[in-house]
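Just so you know, the sequences run in chain order P and V. Just so you know, we're using UniProt numbering here: the first sequence kicks off at 1 and counts up by one. Just so you know, we're using UniProt numbering here: the second sequence kicks off at 1 and counts up by one. Quick reminder that beta carbons are idealized off the backbone N, C-alpha and C, glycines included. On a predicted model such as this, the values are computed, not experimentally measured, just so you know. Here the structure comes first, spelled out in structure tokens, and everything after it is commentary.
2 protein chains.
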Amino acid sequence: MPSENIAVAIEQLRELLGERLSTGSSILEMHSHDEAHSTPNLPDAVAFPENTQEVSQIMQICSANRTPVVPYGIGTSLEGHVIPLEGGVSVDTSRMKRVLTVFESDMNAVVQPGVTRVQLNDELRATGLMFTVDPGADATMGGMAATRASGTNTVRYGTMRENVLALEVVLPDGQIIRTGSRARKSASGYDLTHLMVGSEGTLGIITELTVRLVGQPDTISAATCAFDSVKEAVDSVIMAIQMGIPMARIELLDQVQMKGMNIYNPDMQMPEKPHLFLEFHGTEAGVAEQVEMFKSASEEFGASDFNWATRTEDRNRLWKARHNAYYAGKALRPGAEGLVTDCCVPISALAACIERTNEYVAQSGLLAPLVGHVGDGNFHLLILVDTASEDEMQRATTLAGQVSHLALEFGGTVTGEHGIGSGKRKYMQDEHGAAYALMGMIKSSIDPLNIMNPGKVVTVE
Amino acid sequence: MPSENIAVAIEQLRELLGERLSTGSSILEMHSHDEAHSTPNLPDAVAFPENTQEVSQIMQICSANRTPVVPYGIGTSLEGHVIPLEGGVSVDTSRMKRVLTVFESDMNAVVQPGVTRVQLNDELRATGLMFTVDPGADATMGGMAATRASGTNTVRYGTMRENVLALEVVLPDGQIIRTGSRARKSASGYDLTHLMVGSEGTLGIITELTVRLVGQPDTISAATCAFDSVKEAVDSVIMAIQMGIPMARIELLDQVQMKGMNIYNPDMQMPEKPHLFLEFHGTEAGVAEQVEMFKSASEEFGASDFNWATRTEDRNRLWKARHNAYYAGKALRPGAEGLVTDCCVPISALAACIERTNEYVAQSGLLAPLVGHVGDGNFHLLILVDTASEDEMQRATTLAGQVSHLALEFGGTVTGEHGIGSGKRKYMQDEHGAAYALMGMIKSSIDPLNIMNPGKVVTVE
Chain P
1 MPSENIAVAI EQLRELLGER LSTGSSILEM HSHDEAHSTP NLPDAVAFPE
51 NTQEVSQIMQ ICSANRTPVV PYGIGTSLEG HVIPLEGGVS VDTSRMKRVL
101 TVFESDMNAV VQPGVTRVQL NDELRATGLM FTVDPGADAT MGGMAATRAS
151 GTNTVRYGTM RENVLALEVV LPDGQIIRTG SRARKSASGY DLTHLMVGSE
201 GTLGIITELT VRLVGQPDTI SAATCAFDSV KEAVDSVIMA IQMGIPMARI
251 ELLDQVQMKG MNIYNPDMQM PEKPHLFLEF HGTEAGVAEQ VEMFKSASEE
301 FGASDFNWAT RTEDRNRLWK ARHNAYYAGK ALRPGAEGLV TDCCVPISAL
351 AACIERTNEY VAQSGLLAPL VGHVGDGNFH LLILVDTASE DEMQRATTLA
401 GQVSHLALEF GGTVTGEHGI GSGKRKYMQD EHGAAYALMG MIKSSIDPLN
451 IMNPGKVVTV E
Chain V
1 MPSENIAVAI EQLRELLGER LSTGSSILEM HSHDEAHSTP NLPDAVAFPE
51 NTQEVSQIMQ ICSANRTPVV PYGIGTSLEG HVIPLEGGVS VDTSRMKRVL
101 TVFESDMNAV VQPGVTRVQL NDELRATGLM FTVDPGADAT MGGMAATRAS
151 GTNTVRYGTM RENVLALEVV LPDGQIIRTG SRARKSASGY DLTHLMVGSE
201 GTLGIITELT VRLVGQPDTI SAATCAFDSV KEAVDSVIMA IQMGIPMARI
251 ELLDQVQMKG MNIYNPDMQM PEKPHLFLEF HGTEAGVAEQ VEMFKSASEE
301 FGASDFNWAT RTEDRNRLWK ARHNAYYAGK ALRPGAEGLV TDCCVPISAL
351 AACIERTNEY VAQSGLLAPL VGHVGDGNFH LLILVDTASE DEMQRATTLA
401 GQVSHLALEF GGTVTGEHGI GSGKRKYMQD EHGAAYALMG MIKSSIDPLN
451 IMNPGKVVTV E
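Shown next as structure tokens:
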């Protein structure tokens, strides 16, 4: 039973949206959780707006009735971002999924928040342009902006932070604002675009995004290579970056993860050693040069078993395998759930941080394959647990906490790309100190009723 | 005579800083203006802190006494940013000018706010790394971050927005916060770094910056080439960008500016036609390829008179001439002052916007050479005026206003890189609409007494 104010809001929302306001149990259930293992909580209703004006009206109603609002993309977040901790209305943007305009000369596009990254690239194919941010899931653009997502080619093209030029946002009181223009730069006022990117739906709902596109490269070459140790793999990446090789992708998979890969992809038998998965973009001559430079740099650190994929289908298979790392890891222990960590440190600290991480993994007695966006200093453990075992869950939680503390000890962040949600709020004070209180002040000034995704990112007194 | 509360603050500051709190008239005069033509106003005192703790103590004193504080770098701003409109204390960071640490493997550096860009690059020379943002003036890092500055190679390496990784900031109440870490990315909480970058000293004082460095390129090649029209020059740039040529610099100078160049640099006689000044960075083979691609693209638009500078001294002369464009422009009319505009639009709109601008210039009857960071869609008019002539000043102000309105009409911003200060506040409502009020709310929540650089960027009720 919703509380009285929420019930009033739902009544008004039904008047506004008709059948696009749902209280059906399967719809509520679908909006009660994300992809991570955590305790679900049902919203009282789910709204399916079709345009910005409707989002604004929804916010006006919810604001007038102090009803919590949780923006929802496609539910692939990993820190409980979309869980309606206090009930209220989940605002599902799946009916706002149009690519509105592609500005080819300017190399940017204006899209609605429900557009997914794969959809956008499908629609861009004929233009010769592409959108680069590629988290594992086929997430929505709104969700990716809200969580400041990144992916395998962030090392070259940046995260959502670098790829969102401007936003249209509906504020908690229903006001519609635009944060910036399509100009490539501006020195005009506070950077509200970046304030909204990564705010996880706690400051407003993103209703339109202007995103940066880049040219599809003339030539692409991908490869895998093996190393005797994670340290040697990492050191070769640092050297390659310092040499200025503009690698498009450079991903680390440790020996445990490779074992899972081999199980999950029977057609991809590779040595059970730490690997780098690489991609180079450029002109034909440029790519050839990059490849040569990388080979000579990495061979100093013992790189072996180079395996080149220049045909599109081979490349696609390679990156599909990388994007499926989560499932491949889980193949190591069928039936287990995966608990994912997200440590990101300065790359000079990465090898040492991973070494310490592996000590903690050994102490935990758990199986935890490791994959890393090593060019960004970011790596994930996939801690495999039997969720029915209290002891294992305890050990997994301890291990995840240890990794987060390592991130801070090595001068990094507890989350490179998954975000804070409710799962990592406990680390915010340690990571940000006095700056955390400032975040709370900003939240309170923009959302004084604390109705936007309450319980996420910040603590409101 | 300072007001009573300010007098009390000054007394307390003198106790704290001794001779590093100055009320000498020449020091006050120096901190009463910036490089632009506008009405100066004296601070009541100038403080010269030597470390973050002192800045914090200064802010505590000024906050307790409701005394305005204006952060001061080296005074090269162009929109009145450092003018103490309401008196108070100018906080001069010139005694905080140490490069604290260079992290070579991570390719970043931690510096104090008074470090200038030339100083930083001098200190970096032996490392093989460089800091890329290069506004015309040898500005301080603190000032450049505060105004979200950019420069001639922003087209490749970004503005201060992309090159500041983290900040230490003293808030109006004296609290010291850190906005982020040295990790290359993070999804942890609100992006306070970007909120502070471009806030022009209205939210706090920057006391430390972590900035991104890039490798000094193996090979550099620079060139100039001429076109029959500005439109053809711009179109060739758009094509080059779409072809993915990673130009490091691409600058437009119109025929009027070229005439000034020829007067100011007697050793550089070049055709009085629109020119592009270019630079390419990369490996030897990569640069050769870029040059070839650019030549073939631009020749489709009639590029001629290519003039290559591969020797370091020739390149330095070329870019020195570009950085001195302001003085070269003024050479067209000795004794005149320059009023600088800063329009930035999507590059697809740039040629049309410049065409309209030139119509307004013709109507004004004034001489106004044009230079542009054309790869960013950003251009400046240097409107040459006899400041003693009320009629000319009126016409110049009208022209500058027309250019700002053109920026908005073409979907851009009234300032690509100079900032708002007090000079462009009048356009903020038009440019940002409802978002402008949100900026004011953020200002009020962080600086409730409105003591940080009052009268700049935002309007506080």
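By a beta-carbon distance limit of 8 Å, G419 (chain V) contacts E79 (chain V). Their separation comes to about 5 Å. Closest in alpha carbon position to V99 (chain P), among P:V55, P:D122, P:G180, P:I238, is P:D122.
In terms of Cα proximity to D235 (chain V), the closest of P:N378, P:A139, P:S26, P:D106 is P:D106. Shown here for G215 (chain P): same chain residues with a beta carbon closer than 7 Å to its own, the five before and five after excluded, namely G128, L129 in chain order.
Chain V has a Cβ within less than 7 Å of the Cβ of Q175 (chain P). Boundaries of the alpha helix (DSSP H) harbouring A145 (chain V): 141-146, taken from the DSSP string. By the C-beta criterion, the stretch 8-23 of chain V is judged to be in contact with the stretch 58-72 of chain V, since at least 3 inter-stretch pairs fall below 8 Å. Within the model, the alpha-carbon separation for T179 (chain P) versus V169 (chain P) is close to 8 Å. In the same chain as I354 (chain V), and ignoring 5 residues on each side of it, the C-beta atoms closer than 6 Å to its own belong to V230, in chain order. K426 (chain P) has a beta carbon lying at 7 Å or more from every beta carbon in chain V. For E279 (chain V), the three-state secondary structure derived from DSSP is strand. Boundaries of the alpha helix (DSSP H) around F294 (chain P): 284-299. Contact note: P346 (chain V) reaches chain P through F103, S105, D106, N108, S181, R182, A183, R184, using a C-beta cutoff of 9 Å and chain order. Per DSSP, reduced to three states, the secondary structure at N262 (chain V) is helical. Straight across, the Cα-Cα distance linking G286 (chain V) with S63 (chain P) is about 56 Å. When C-beta atoms of the stretch 135-145 of chain V are compared with those of the stretch 109-121 of chain V, three or more pairs fall below 8 Å, so the two segments count as touching. Close CB contacts of H281 (chain P) within its chain, under the 6 Å cut and outside five residues either way in sequence, are with P217, I220, A248 (chain order).
Residue burial annotation: R311 (chain V) is exposed, with fewer than 16 other C-beta atoms found within 10 angstroms of its C-beta. Positions of the alpha helix (DSSP H) runs, each at least 4 residues long and wholly inside the stretch 42-92 of chain V, are given as 52-64 in order along the chain.
Put simply, the backbone Cα of K320 (chain V) is about 14 Å away from that of G260 (chain V). By the neighbour-count criterion, in which 16 or more other beta carbons inside 10 Å mark a residue as buried, N108 (chain V) falls on the buried side. Chain P has a Cβ within less than 7 Å of the Cβ of Y190 (chain V). Within the same chain, and ignoring the five residues on either side of G411 (chain V) in sequence, the residues whose Cβ sits closer than 7 Å to its Cβ are V345, P346, A349. Taking all protein chains in view, the Cβ of R125 (chain V) is surrounded by fewer than 16 other Cβ atoms within 10 Å, so the residue is classified as exposed. Remark: three or more beta-carbon pairs, one from each stretch, lie closer than 8 Å, so the stretch 188-199 of chain V and the stretch 150-164 of chain V are flagged as touching. Per the coordinates, the alpha-carbon of Y427 (chain P) lies some 41 Å from the alpha-carbon of N307 (chain P). Sequence-distant Cβ neighbours of S186 (chain P) in its own chain, meaning closer than 8 Å and more than five residues away, are G180.
Between V291 (chain P) and the set P:P334, P:P274, P:E272, P:T224, the nearest pair of CA atoms involves P:T224.
Look at the beta carbons and you see the stretch 362-375 of chain V not touching the stretch 435-454 of chain V: under three pairs across the two are nearer than 8 Å. Straight through space, the alpha carbons of T159 (chain V) and Q242 (chain V) are spaced by roughly 20 Å. Between L203 (chain V) and I446 (chain V), the C-beta gap is smaller than 7 Å, which places the two residues in contact. Identification of chain V residues near H432 (chain P) by a Cβ-Cβ cut-off of 9 Å yields I177, R178, T179, G180, S188, G189, L192, ordered along the chain. Annotated three-state conformation of G302 (chain V) is coil, per DSSP. DSSP lists V:A223 as the bridge partner or partners of W308 (chain V). The Cβ atoms of G75 (chain P) and D34 (chain P) lie closer than 7 Å to each other. The C-beta of A435 (chain P) comes closer than 7 Å to at least one C-beta of chain V.
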